[in-house]
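Undergrad: I have a structure here, written as structure tokens, and I will follow up with some questions on it.
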Amino acid sequence: MAIKIGDKAPSFTLIDTNEKSIALKDYSAKSILVVIFSCNHCPFAQAWEDRIVAIQDSFKSQDVQILVISSNDANQYPADSFAEMKKRALEKNFNFPYLYDETQEVAHSYGAEKTPEVFVFDQSRTLKYHGAIDDNYDDENAVKTHYLKNALNDLLQNSSPTTPTSEPEGCTIKWFN
Numbered sequence: 000m001a002i003k004i005g006d007k008a009p010s011f012t013l014i015d016t017n018e019k020s021i022a023l024k025d026y027s028a029k030s031i032l033v034v035i036f037s038c039n040h041c042p043f044a045q046a047w048e049d050r051i052v053a054i055q056d057s058f059k060s061q062d063v064q065i066l067v068i069s070s071n072d073a074n075q076y077p078a079d080s081f082a083e084m085k086k087r088a089l090e091k092n093f094n095f096p097y098l099y100d101e102t103q104e105v106a107h108s109y110g111a112e113k114t115p116e117v118f119v120f121d122q123s124r125t126l127k128y129h130g131a132i133d134d135n136y137d138d139e140n141a142v143k144t145h146y147l148k149n150a151l152n153d154l155l156q157n158s159s160p161t162t163p164t165s166e167p168e169g170c171t172i173k174w175f176n
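Take the sequence shown: its letter number 26 is residue 25 in numbering that gives the first Met the number 0, and every next letter is one higher.
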């Protein structure tokens, strides 16, 4: 079961694709922290990758940081291995840390189930938005509701997100057997 609006962000320390140890607390100075569970192989996750990069670009100067976490079982899905994550991060020019949750503990602590699945936290690391990036993975030009962008804009205006939750759309996280 996913953490709920108003819950605190579960802490973690993971390795990113540059083999650097990254902890939630490393970003304590950021006004807003976005944690997205994603992966390499899922077509939904792939469809949203460029949008995640663009959102990080758009909001970086406003003290927003995105962290993307892959928790899939790489034994079942070799495309989601740490080596493949490193390649993907370089190929797609990820401008955010791409973290490997090899034990799946972080995904379990957040209650994440899909890739991609978004959790947005304010400065005190209280969950303010949980759900999808937007309402159309297939066609960026056909998006009607930009859930993540809207939540970020609301929080930057010191307001709670108008839409605090939406249904994440994507592949299921591939859990260990």
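Even for Gly, the Cβ is constructed at its ideal location relative to N, Cα and C.
Only a predicted model underlies this, so the values are computations on that prediction, with no experimental measurement involved.
(1) Three Cβ pairs or more, each shorter than 8 Å: is that satisfied between the region 85-97 and the region 119-127?
(2) Alpha carbon to alpha carbon, how far is residue 172 from residue 99?
(3) Let me make sure I understand the geometry here. Which of 104, 51, 62 has the alpha-carbon closest to that of residue 146?
(4) Does DSSP put residue 118 in a helix, in a strand, or in coil?
(5) Using only alpha-carbon positions, find the residue among 89, 37, 155, 116 that is nearest to residue 79.
(6) Along the alpha helix (DSSP H) that carries residue 79, what are the first and last residues, could you check?
(7) Report the rounded CA-to-CA distance for residue 16 versus residue 107, giving the unit in angstroms.
(8) Taking 8 Å as the threshold, find out whether the region 26-42 comes into contact with the region 58-65 through three or more Cβ pairs.
(9) Find out if the Cβ-Cβ distance for the pair residue 167, residue 141 is shorter than 7 Å.
TA: Let me spell this out:
(1) Taking 8 Å as the limit for Cβ pairs, the verdict is that the region 119-127 does not touch the region 85-97.
(2) For the purposes of this step, residue 172 is taken as residue 173 along the sequence shown, with counting starting at 1. For the purposes of this step, residue 99 is taken as residue 100 along the sequence shown, with counting starting at 1. Residue 172 and residue 99: Cα-Cα distance of roughly 13 Å.
(3) Locating residue 146 in the sequence shown gives position 147, where the first residue counts as 1. Residue 146 has its Cα closest to that of 51, out of 104, 51, 62.
(4) Position 119 of the sequence shown, counted from the start, is the residue given in the question as residue 118. In this structure, residue 118 counts as strand in the three-state DSSP scheme.
(5) Against the sequence shown, residue 79 aligns to sequence position 80. Of 89, 37, 155, 116, the residue nearest in Cα terms is 37.
(6) Indexing the sequence shown from 1 puts residue 79 at position 80. Per DSSP, residue 79 belongs to no alpha helix (DSSP H) and is neither H nor E.
(7) Translated into the one-based positions of the sequence shown, residue 16 becomes position 17. Translated into the one-based positions of the sequence shown, residue 107 becomes position 108. Across the structure, residue 16 and residue 107 are spaced so that their CA atoms are roughly 21 Å apart.
(8) Verdict: yes, contact present.
(9) One-based indexing of the sequence shown puts residue 167 at position 168. One-based indexing of the sequence shown puts residue 141 at position 142. In this structure, residue 141 does not lie closer than 7 Å to residue 167 by Cβ.
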